[in-house]
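So the structure is just underneath, and the comments pick up after that.
Number of protein chains: 2
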Amino acid sequence: MPELVLRNVRPWGGAAVDLRVAGGRITSMFPHDADDPRALTGAPDTVFVDGRGLLGLPGFVNAHAHLDKSWLGLPWVSYGGEATTEGRIRHERAHRDELGIPSVATTTTLLTKMVSLGTTAFRSHVDVDLGVGLDGIRHVRDAVAGIGAPVGLEVVAFPQDGVLRRPGVLDLLDRAAAEGADHIGGLDPASIDRDPVGQLDALFGIADRRGVGVDIHLHDGGELGAFQYELIVERTRALGLAGRVNIAHGFAIGDVQAVRQRALVEAVADAGITITTVAPVNAPRLPLTELREAGVSVGLGTDGIRDLWGPYGDGDMLRLATRMAQLAGWRRDEDLEAAVRIASSDAAPFVGREVHDLVVGAAADVVLVDAANVQEALVEAPPRQLVISGGVVVVDALSGGEQGGRAARPVL
Amino acid sequence: MPELVLRNVRPWGGAAVDLRVAGGRITSMFPHDADDPRALTGAPDTVFVDGRGLLGLPGFVNAHAHLDKSWLGLPWVSYGGEATTEGRIRHERAHRDELGIPSVATTTTLLTKMVSLGTTAFRSHVDVDLGVGLDGIRHVRDAVAGIGAPVGLEVVAFPQDGVLRRPGVLDLLDRAAAEGADHIGGLDPASIDRDPVGQLDALFGIADRRGVGVDIHLHDGGELGAFQYELIVERTRALGLAGRVNIAHGFAIGDVQAVRQRALVEAVADAGITITTVAPVNAPRLPLTELREAGVSVGLGTDGIRDLWGPYGDGDMLRLATRMAQLAGWRRDEDLEAAVRIASSDAAPFVGREVHDLVVGAAADVVLVDAANVQEALVEAPPRQLVISGGVVVVDALSGGEQGGRAARPVL
């Protein structure tokens, strides 16, 4: 991987800097100066990119993806399932084979779109069930490996079709954990598996034994969902899994009375549980301000995109951050910046990184957009002028960025 | 205005057609055939555009705009108001002068952005108050007249700062109606003016006397809002104003119990009242499916964009239609198409048109996007490849669309 010098970018809208990249990481960063020899020298194959004073952000982090599910790139698939979680599960199981899902090809199409839009690290749920076994995980890993640039990936082995109600799935999850999945997933222990204690005990048992994380889809609302929040809190505490357990969706915390919500927020914060949201517009709104004030790490993800669950999703994390900020009712500058940070730098823990930002030592994941400040980047979600993932230029709309003939050759 | 021939476009994703435009209207439309003489002939100044088989939609209709309020194009304005309607009104009145709002210049900037994204007709509320008087209406009309293409405009004289509580505003509204405003507006008769019956009687009095429409901002929720729905229904019926009265926002109908909601939907339908929404994600969701099933005309609008009420808004009606569809929980193909129709053809009545579609006799307002079908156009909201408003090409990203040297010269 050749060295890269990125010149004249404004990290988070601040003063312009130059930065040098080697081995996929940012190795130095200093004020932009056209004549600074540190930005002018390099090995014969060093790539120089002129950032033209654009606003620089770290790559976006998609903390809740389903990289295995999409039919993007295939002819349009009309939605035909029933309007319930169970109906959608059935619909997906009935039709995925005819679409060739999961596969490396479909995952690559989706991944290409999202990386092009600046997402450089993913936590992806990948279906694990009696039909596909662990094939989906292999497909997703192969697709990520084949994209042409280092892209961050954490895999959640996700029992989309249920756990206890499908004998054999627990063994699959256990094997996935043994074979390197970063987390095991769960799904509505009450409404799908009909045994909240049973599913959670089984999942936490594997997590404890294998040393992996837990990342549970919890759609159940109201008191039923709140009860499962409590069960998850209890097990996280008992097993000392602070920082290793995530609740995805978790609508219930937005669906109970204020005093109950406050207690749940405190319990989640105290247990060190994180929350991921896909910023849905037709579900109870999470108390994002309260969660952040309590110190809960909140991650943002796209959920599935154009799959058998529904036709939506453009894969743009910046636009999704706009929607999340609107859902939260945020309007002040510091809140708008916080929304972009949730979608990028603050999401480091969701993809197993210590740090993820435009700082020395971090992975060289950089997105450039034409915006006066980070607030404008959020509300406008402008086209991505440059995307660098792990030190490799994947998108370069800055024509003529060459210097001395050593131009970037974008891989996408 | 020269004739225009638009070739090889797929209206609503159907079979490719050619269409001819004269005097700003679609004068003929026939199956696309490379050798059809009807598509090859014209006066010396006839403009020919090759639509390349792209998907064609009618221009979008923004049924709830505030063309006078935006600071778009000025340096970023940090939001500083309080988080209430009253707080935001105060904030706007305190700061608009220093930003030069309202003005032809700021309106033109916003309008240019929205027309570029394919909106070709607007119903715009324009602030009328003791500070600006009727100046804002003049600015908006001047900006629209200066945009370089025929753009549809209906003006609502909007008492943003209140009606009864500001003696003199009723006279301004009456004058606005006398001088050509299409509608007079209102604002939360209960929570802002503190006299729902008084405000509504006064507004309906002017509408009745001057023969203009009524378009009322109603944010009030729950039973307070529902009561004002009833007051509006009663006055609409009493004065025979079916089809002339619109409730904007109207959160209350999404905020009451199911049985009460059903009664309100029926009353609104029966009285011939229309509803406009800006598809807000942090307010009670309107029962869009139920309203449509009851035959209520629903219009979609952007609301204010980057103004002293908040920093959001990218002006893209197609993307807004996506959000509306998601709010409504629509996933089936026919519902996705319905969402695009709400944002375009179905909105004809909101801008005083009999018909607004890709049909002979309609205004030649055309948007081309690269999408397989209208559903994909909705979920992806792709870049606008061509925008024609009133027969004039305003955006043309189809380089090389020339034929015989008579290329379109886009005005924006």
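Protein chains in written order, with this note's numbering: chain A, 350 to 761; chain B, 350 to 761. For every residue, glycine included, the Cβ atom is placed at its ideal position computed from N, Cα and C. Fair warning: this is a prediction, and the values are worked out from it, not measured in the lab.
Residue span of the beta strand (DSSP E) that contains residue i, given as start and end
| i | result |
| --- | --- |
| I742 of chain A | The sequence given here has Val at residue 742 of chain A, not Ile. V742 of chain A -> beta strand (DSSP E) spans 741-745. |
| S377 of chain A | 374-380 |
| E503 of chain A | 501-507 |
| V627 of chain B | Note, V627 of chain B: premise wrong, no beta strand (DSSP E); not H, not E. |
| I565 of chain B | 562-567 |
| L717 of chain B | 715-718 |
| V704 of chain A | Per DSSP, V704 of chain A belongs to no beta strand (DSSP E) and is neither H nor E. |
| V410 of chain A | 409-414 |
| G592 of chain B | Per DSSP, G592 of chain B belongs to no beta strand (DSSP E) and is neither H nor E. |
First through last residue of the alpha helix (DSSP H) which encompasses residue i
| i | result |
| --- | --- |
| M666 of chain B | 666-676 |
| Q734 of chain B | It is not in any alpha helix (DSSP H) - Q734 of chain B instead sits in the beta strand (DSSP E) that spans 733-738. |
| E642 of chain A | 637-642 |
| L521 of chain A | 518-527 |
| S646 of chain A | Note, S646 of chain A: premise wrong, no alpha helix (DSSP H); not H, not E. |
| V370 of chain A | From DSSP, V370 of chain A is part of no alpha helix (DSSP H) but of the beta strand (DSSP E) over 366-371. |
| L549 of chain B | 545-559 |
| V723 of chain A | 723-729 |
| G449 of chain A | Careful: G449 of chain A lies outside any alpha helix (DSSP H) and carries neither H nor E. |
| E586 of chain A | The question names Glu, yet the displayed sequence has Arg at residue 586 of chain A. Per DSSP, R586 of chain A belongs to the alpha helix (DSSP H) from 571-587. |
| R690 of chain B | 682-691 |
Three-state secondary structure assigned by DSSP to residue i
| i | result |
| --- | --- |
| G422 of chain B | coil |
| Q610 of chain A | helix |
| E431 of chain B | coil |
| A492 of chain A | helix |
| T461 of chain B | helix |
| I383 of chain A | Note that residue 383 of chain A is Ala in the sequence shown here, rather than Ile. DSSP places A383 of chain A in coil when its eight states are reduced to three. |
| L498 of chain A | Position check: residue 498 of chain A holds Ala in this sequence, whereas Leu was assumed. DSSP places A498 of chain A in coil when its eight states are reduced to three. |
| V605 of chain A | coil |
| R359 of chain A | strand |
| P698 of chain B | helix |
| I622 of chain B | coil |
| L297 of chain A | Lying before the first or after the last residue shown, residue 297 of chain A is absent from chain A, which here runs from 350 to 761. |
| A388 of chain A | helix |
| L403 of chain A | strand |
| D337 of chain A | Chain A is shown from 350 up to 761; residue 337 of chain A falls before or after that span and cannot be answered. |
| T468 of chain A | strand |
| V617 of chain A | helix |
| G485 of chain B | helix |
| I541 of chain A | coil |
| G534 of chain A | strand |
Supposed contact pair residue j and residue i - C-beta distance, whole angstroms, cut 8 Å
| i | j | result |
| --- | --- | --- |
| G485 of chain A | D476 of chain A | 5 Å |
| V689 of chain B | A670 of chain B | 6 Å |
| V742 of chain A | V464 of chain A | Actually they are not in contact, since the Cβ atoms of V742 of chain A and V464 of chain A sit about 12 Å apart, beyond 8 Å. |
| Q734 of chain A | L460 of chain A | Not really, about 20 Å apart at Cβ, beyond 8 Å. |
Buried versus exposed, by CB contacts within 10 Å (16 or more), residue i
| i | result |
| --- | --- |
| P380 of chain A | exposed |
| G644 of chain A | exposed |
| T585 of chain B | buried |
| Q606 of chain A | exposed |
| N631 of chain B | exposed |
| P393 of chain A | exposed |
| S646 of chain A | buried |
| G529 of chain A | exposed |
| G662 of chain B | buried |
| R543 of chain A | exposed |
| G753 of chain A | Here the model assigns G753 of chain A a pLDDT of 43, short of 50, so the residue's position is not dependable, and the following value carries that caveat. By the neighbour-count rule (16 or more Cβ atoms within 10 Å), G753 of chain A is not buried but exposed. |
| T627 of chain B | Before going further, note that residue 627 of chain B is Val rather than Thr in the sequence given. Classification of V627 of chain B: buried, given that the 10 Å Cβ count is 16 or more. |
| R356 of chain A | buried |
8 Å Cβ cutoff, residue i in contact with chain D
| i | result |
| --- | --- |
| N722 of chain A | Although the question refers to chain D, the structure presented lacks it and instead comprises the protein chains A and B. |
*Relative to chain A, which residues along the stretch 675-690 of chain B have a C-beta separation below 8 Å, given in chain order?*
Q675, L676, A677, G678, R680, R681, D682, L685
Using a Cβ cut-off of 7 Å, which residues of the stretch 393-409 of chain B contact any Cβ in chain A, in chain order? none
Tell me which residues of the stretch 406-439 of chain A have at least one Cβ-Cβ distance to chain B shorter than 9 Å, keeping chain order.
P424, W425, S427, Y428, G429, G430, A432
| request: Check distances from the C-beta atoms of the stretch 629-640 of chain A to those of chain B and list, in chain order, the residues that come in under 7 Å. | output: V630, N631, R634
Which residues, taken in chain order from the stretch 499-518 of chain B, show a beta carbon closer than 9 Å to some beta carbon of chain A?
none
Inset, instruction - May I ask you to list, following chain order, the residues of the stretch 656-667 of chain B that have a beta carbon less than 9 Å from some beta carbon of chain A? - result: W658, G659, P660, Y661, G662, D663
Margin query: Please identify, using Cβ separations under 7 Å, the residues of the stretch 703-729 of chain B that lie next to chain A, in order along the chain.
Written below: A721, N722, Q724, E725, V728, E729
**Message:** Against chain B, which members of the stretch 363-375 of chain A pass a CB distance test of less than 7 Å?
**Reply:** none
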